[in-house]
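Participant: Numbering (the working numbering), first residue to last: 122 to 212.
For each residue, glycine too, the CB sits at the ideal point set by N, CA and C.
Note that the structure is predicted; figures quoted are calculated from it, not measured.
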Amino acid sequence: MDKGPVFESLQRAERWMKYVLRKGQELGALRQDVDFEFLRNVVQAVGYTMDSWLFDKLRSEPDAVDIEHFVKFALDMFKRILSPKGLGESC
Numbered sequence: 122m123d124k125g126p127v128f129e130s131l132q133r134a135e136r137w138m139k140y141v142l143r144k145g146q147e148l149g150a151l152r153q154d155v156d157f158e159f160l161r162n163v164v165q166a167v168g169y170t171m172d173s174w175l176f177d178k179l180r181s182e183p184d185a186v187d188i189e190h191f192v193k194f195a196l197d198m199f200k201r202i203l204s205p206k207g208l209g210e211s212c
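(1) With 16 as the cutoff for other CB atoms within 10 Å, does GLN146 come out buried or exposed?
(2) Compute the Euclidean distance between the alpha carbons of ARG161 and LYS139, then round it to the nearest angstrom.
(3) If ARG152 sits next to LEU196, beta carbons under 8 Å apart, how far is it from one beta carbon to the other, in whole angstroms?
(4) Write down the C-beta distance between ASP154 and LYS206 rounded to the nearest angstrom, noting that I regard them as a contact closer than 8 Å.
(5) Between ASP177 and chain D, is there a C-beta pair that is closer than 7 Å?
Here's what the structure looks like:
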């Protein structure tokens with residue numbers, strides 16, 4: 122059954138994310154103190170939450186969203202989540 126181009130794109134993105142996370146853990150560039158599947162689930166959940174919040178805000182209060190600030194915040198959040206133990210700590 123053909124699920125369409127959107128589904129295929131999402132599947133490719135999922136495979137790419139798994140590859141990057143696994144390779145990053147193997148190389149020591151990403152944290153290894155948590156299970157791979159747990160880390161993947163956390164990254165997905167945070168990404169979903171950020172996307173949901175951003176699109177809700179853009180629909181309801183488009184002028185209240187500073188996209189550049191949001192992107193910087195999102196990248197910092199992922200860096201803190203994924204950095205090897207200790208590197209993401211701010212204090």
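Facilitator: Answer, in terms of the structure:
(1) buried
(2) 7 Å
(3) Not confirmed; about 16 Å, so no contact.
(4) 5 Å
(5) Of the protein chains in this structure there is only one, and it is not chain D.
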